[in-house]
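Single-structure report; data block below.
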Amino acid sequence: MKWQYLVIFAWLAVSFSFADGQEAGPGSKRSNYSLLSINKFTSWVRADGIFSRTPKDSMGTVFPRGQVPIIYSDAFIWGGKAWLDSAESQPAPFRQTVRVGGATYRSSTQPGRIIGFGAGAVPADTLASESRVYRIRRDYFALDEAELRREAIAYFELGYDPGAATPEQVGAIREMYARDWIEWPVQYGAPFIDRNGNGLYDPPPSFSDSFSPADLVTGGYDEPGITAADTNVPADQVLWAVYNDLDEAKTRSFAGSRPLGLEMQLTQWTYRSDAEWGAIFYRKVKFINKGGIEIDTLGNKGAFWLNDMYFAQWVDPDLGSFADDVVGCDTTLNLGYVYNSTTLDSEFQKYNLAPAAVGYMILQGPVVRNPNRSAVINFKKISGWQNLPMTAFICHASGDSWSEPPSVDNYDWATFVWYKLLRGYTPMQDTRFYYYPSPAGIKPGPIVLAGDPVSGEGHLDASYQYWPWTPSERRFQVHSGPFAIALGDTQEVVLAFVAGMGNNHLSSVQVMKYLARQVQFNYPNHYVIPSQKTEPTEPAELPFDYLLAQNYPNPFNASTRIDFSLPKDAEVRLAIFDVLGREIVVLLERSLVAGTHSALWDGRDVAGKNVPSGHYFYMLQAGHIELSRGLTLIR
Numbered sequence: 000m001k002w003q004y005l006v007i008f009a010w011l012a013v014s015f016s017f018a019d020g021q022e023a024g025p026g027s028k029r030s031n032y033s034l035l036s037i038n039k040f041t042s043w044v045r046a047d048g049i050f051s052r053t054p055k056d057s058m059g060t061v062f063p064r065g066q067v068p069i070i071y072s073d074a075f076i077w078g079g080k081a082w083l084d085s086a087e088s089q090p091a092p093f094r095q096t097v098r099v100g101g102a103t104y105r106s107s108t109q110p111g112r113i114i115g116f117g118a119g120a121v122p123a124d125t126l127a128s129e130s131r132v133y134r135i136r137r138d139y140f141a142l143d144e145a146e147l148r149r150e151a152i153a154y155f156e157l158g159y160d161p162g163a164a165t166p167e168q169v170g171a172i173r174e175m176y177a178r179d180w181i182e183w184p185v186q187y188g189a190p191f192i193d194r195n196g197n198g199l200y201d202p203p204p205s206f207s208d209s210f211s212p213a214d215l216v217t218g219g220y221d222e223p224g225i226t227a228a229d230t231n232v233p234a235d236q237v238l239w240a241v242y243n244d245l246d247e248a249k250t251r252s253f254a255g256s257r258p259l260g261l262e263m264q265l266t267q268w269t270y271r272s273d274a275e276w277g278a279i280f281y282r283k284v285k286f287i288n289k290g291g292i293e294i295d296t297l298g299n300k301g302a303f304w305l306n307d308m309y310f311a312q313w314v315d316p317d318l319g320s321f322a323d324d325v326v327g328c329d330t331t332l333n334l335g336y337v338y339n340s341t342t343l344d345s346e347f348q349k350y351n352l353a354p355a356a357v358g359y360m361i362l363q364g365p366v367v368r369n370p371n372r373s374a375v376i377n378f379k380k381i382s383g384w385q386n387l388p389m390t391a392f393i394c395h396a397s398g399d400s401w402s403e404p405p406s407v408d409n410y411d412w413a414t415f416v417w418y419k420l421l422r423g424y425t426p427m428q429d430t431r432f433y434y435y436p437s438p439a440g441i442k443p444g445p446i447v448l449a450g451d452p453v454s455g456e457g458h459l460d461a462s463y464q465y466w467p468w469t470p471s472e473r474r475f476q477v478h479s480g481p482f483a484i485a486l487g488d489t490q491e492v493v494l495a496f497v498a499g500m501g502n503n504h505l506s507s508v509q510v511m512k513y514l515a516r517q518v519q520f521n522y523p524n525h526y527v528i529p530s531q532k533t534e535p536t537e538p539a540e541l542p543f544d545y546l547l548a549q550n551y552p553n554p555f556n557a558s559t560r561i562d563f564s565l566p567k568d569a570e571v572r573l574a575i576f577d578v579l580g581r582e583i584v585v586l587l588e589r590s591l592v593a594g595t596h597s598a599l600w601d602g603r604d605v606a607g608k609n610v611p612s613g614h615y616f617y618m619l620q621a622g623h624i625e626l627s628r629g630l631t632l633i634r
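Mind the numbering: the sequence shown is residues 0 to 634 in numbering that gives the first Met the number 0, read in order.
Given below as structure tokens:
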């Protein structure tokens with residue numbers, strides 16, 4: 000089936016390039032594309048919501064950098080029910096209550112924001128400069144010639160010859176970085192680091208020989224870009240784009256659905272690392288329900304109330320050679336991944352490398368009301384809400400009859416089947432609802448292939464007895480839902496891309512999951528892969544009991560570390576309280592595997608404000624177990 004997708008992609012690439020106009024100078028023709036390129040991998044973004052495709056229509060996620068393509072394409076898919084009122088008594092018109100959108104090999108969205116809300120909402124000009132993909136790099140001013148040349152070779156797709164980039168192309172890289180740094184579209188929703196805490200973006204001084212990126216932090220200046228909980232550790236390279244679904248021709252050509260009135264704001268970022276044994280980048284999407292769609296058959300415009308919404312990260316991986324790929328998931332990590340079925344892969348073998356394993360994990364799912372929980376929203380803990388986990392994982396194989404529907408204007412078929420898939424059902428083209436098959440003893444459900452390929456236990460891809468496919472081309476989807484997006488409201492989802500490379504195909508799975516656990520545990524703070532491999536070998540001996548250690552240092556001033564041990568997997572909550580028993584901040588609240596873990600407290604409350612000197616308590620809750628200790632903060 001891959002040849003069919005290649006034909007579709009070739010046509011789309013030509014039409015998309017012509018829409019962008021002729022190249023007036025280095026970089027201008029490519030403004031609808033950009034890439035992360037600061038580390039030992041590259042990954043492209045396109046302004047209309049298709050990822051991992053280059054301007055020359057090649058595979059756009061490569062690891063290691065300049066060597067092995069690993070992702071053919073990936074994108075988001077969403078679907079839900081549209082209503083004219085919050086009581087959900089008046090369905091959307093045109094007999095299209097259920098609507099879906101997103102992208103696979105064709106996108107239902109167009110570059111640019113939605114201007115206004117409700118009846119007055121209109122799409123921005125798709126060819127306007129503001130509708131491009133923005134890219135910033137904090138150290139661009141001080142980049143040397145070698146690094147600029149390396150960037151130019153990647154951006155202009157010049158192969159691997161260090162001398163291939165012209166002086167004009169090298170100069171264009173610095174110029175584009177400078178332009179995007181200055182024109183960073185905060186006014187349209189691009190993130191910024193608000194170090195002075197006034198809620199407004201105050202542009203920092205220009206870089207010069209006497210003003211460097213380090214001065215941004217020490218001087219307390221705002222800056223474009225993104226940071227997690229610690230504003231002193233900004234991302235080193237950031238992409239930002241905004242796109243919308245107000246082009247009815249595009250939405251209908253994808254699955255037959257009319258628009259939902261959604262604006263999507265995409266931020267993709269990474270932190271500098273010299274590691275060659277792994278790759279991590281983060282991806283955040285904001286769904287904003289802006290409207291601008293027809294709410295009746297007379298052509299009147301407005302907005303919908305959206306409910307029973309589902310989100311999916313769709314991935315078509317070609318891990319080196321796609322002929323030997325298999326996939327799986329890990330429910331404890333909210334992770335879907337691809338790995339090699341054999342020890343060697345022909346593409347990785349060209350570089351004397353073991354085949355990598357690559358995963359996409361939901362770090363922060365959409366939120367739903369829950370008075371007994373707290374959720375992470377915009378890197379902060381918010382009480383009364385809960386982040387949804389991975390609620391479904393499904394996959395497809397080359398030639399499989401249970402495949403995604405092709406992009407076609409057929410609402411009764413394509414939209415109906417997509418909405419089934421988003422909820423974890425097989426894509427049967429009738430009114431039946433069946434889950435994918437599972438081995439004996441495992442109840443069929445929306446999550447499949449959650450076994451452990453390293454131990455060989457559980458439900459595994461290409462296991463023949465339980466799963467009829469042989470290793471070959473695969474696609475997979477990681478889902479979360481249901482959730483709602485009220486009129487004018489926002490939902491956000493944060494994912495992480497994690498690749499690991501071990502000594503063989505199964506060791507790579509271990510490395511990838513090890514990195515995924517580090518990312519999950521540290522979130523909403525960042526995690527940087529160390530240069531030296533810390534690949535797990537033999538499993539560590541598990542603790543025999545629950546243990547909460549004394550924080551270190553104690554007393555402390557800037558930050559302190561809290562270690563604890565779990566004898567078995569558990570739902571864990573670690574929080575700080577004052578002497579009156581009032582909760583100050585929740586340090587972590589998630590499922591953790593058995594073992595020893597740690598958390599850091601920087602002496603701030605849930606709002607990010609410094610708490611005064613004094614005595615505090617920290618409490619660990621793990622299942623029915625509660626442990627607590629005291630600590631002292633000195634300012």
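Cβ atoms here follow ideal geometry from the backbone N, Cα and C, with glycine treated the same way.
Might you give, ordered along the chain, the residues of its own chain that have their beta carbon closer than 7 Å to the beta carbon of residue i, omitting 5 neighbours on each side?
i                 : result
leucine 514       : Gly277, Ile279, Val497, Gly499, Ile528
glycine 26        : Below a pLDDT of 50, predicted positions are generally treated as unreliable, and glycine 26, at 40, falls in that range; the measurement from the model is reported next regardless. Around glycine 26: Ala171, Met175.
isoleucine 441    : His458
phenylalanine 140 : Phe206
threonine 631     : Asn553, Pro554, His614
arginine 422      : Tyr309, Ala391, Pro445
alanine 483       : Leu305, Asn306, Met308
What does DSSP give as the partner residues of residue i in its beta bridges?
i             : result
alanine 574   : Val585, Met618
alanine 74    : Ile49, Trp313
valine 477    : Gln312, Phe392
threonine 559 : Trp600
glycine 117   : Gly290
proline 594   : The sequence shown places glycine at residue 594, not proline. For glycine 594, which the question treats as bridged, DSSP gives the partners Leu565.
aspartate 451 : Glu456
proline 233   : Thr226
alanine 374   : Ile381
Looking at the structure shown, is residue i part of a helix, part of a strand, or coil, going by DSSP?
i              : result
arginine 64    : coil
glycine 20     : Unreliable positioning characterises glycine 20 in this predicted model, as indicated by a pLDDT of 31, which lies under 50. The coordinate reading is nonetheless provided below. Coil.
leucine 505    : helix
valine 416     : helix
leucine 265    : strand
methionine 389 : coil
methionine 511 : helix
arginine 137   : coil
arginine 173   : helix
tryptophan 239 : strand
tyrosine 104   : coil
arginine 628   : strand
arginine 149   : helix
proline 204    : coil
glutamate 456  : strand
glutamate 346  : helix
glutamate 403  : coil
glutamine 490  : strand
tryptophan 468 : coil
lysine 354     : Lysine is not the amino acid found at residue 354; the sequence shown has proline there. It is coil, neither helix nor strand.
arginine 516   : helix
leucine 635    : Coverage of the chain is limited to positions 0 through 634, which leaves residue 635 absent and any answer about it impossible.
leucine 332    : coil
isoleucine 361 : strand
serine 30      : coil
Residues in the same chain with beta-carbon distance under 6 Å from residue i, minus the five sequence neighbours each way, listed in chain order, please.
i                : result
arginine 634     : Ser612
isoleucine 624   : Tyr545
phenylalanine 41 : The sequence shown places threonine at residue 41, rather than the phenylalanine named in the question. Answer for threonine 41: Leu34, Val61, Arg64, Ala153, listed in chain order.
proline 443      : Tyr434, Ser437
asparagine 556   : Ile633
glycine 335      : Cys328, Tyr359, Phe392, Phe475, Val477
aspartate 344    : Gly319, Ser320, Pro354
Cβ of residue i less than 9 Å from any chain C Cβ?
i          : result
serine 340 : Any reference to chain C falls outside this structure, which holds one protein chain only.
Less than 8 Å between C-beta atoms, sequence neighbours within five positions excluded: which residues of the same chain meet that for residue i?
i            : result
arginine 603 : Val584, Asn609, Val610
tyrosine 424 : Phe432, Tyr433, Tyr434, Pro445
- Could you tell me whether the stretch 100–108 touches the stretch 70–85, where touching means 3 or more Cβ pairs closer than 8 Å? Flag = yes, the stretch 100–108 and the stretch 70–85 touch.
**Message:** With a threshold of 8 Å, are at least 3 pairs of Cβ atoms found where one atom belongs to the stretch 478–491 and the other to the stretch 406–419?
**Reply:** Between the stretch 478–491 and the stretch 406–419, the count of Cβ pairs shorter than 8 Å is below three; the stretches do not touch.
For the 8 Å Cβ check, are there 3 or more pairs between the stretch 154–164 and the stretch 239–249?
No: the two stretches stay apart, fewer than three of their Cβ pairs being nearer than 8 Å.
Notebook entry, point to check: Quick one: any contact between the stretch 249–262 and the stretch 218–225, if contact means 3 or more CB pairs under 8 Å?
Noted result: Cβ pair count under 8 Å is below three, so no.
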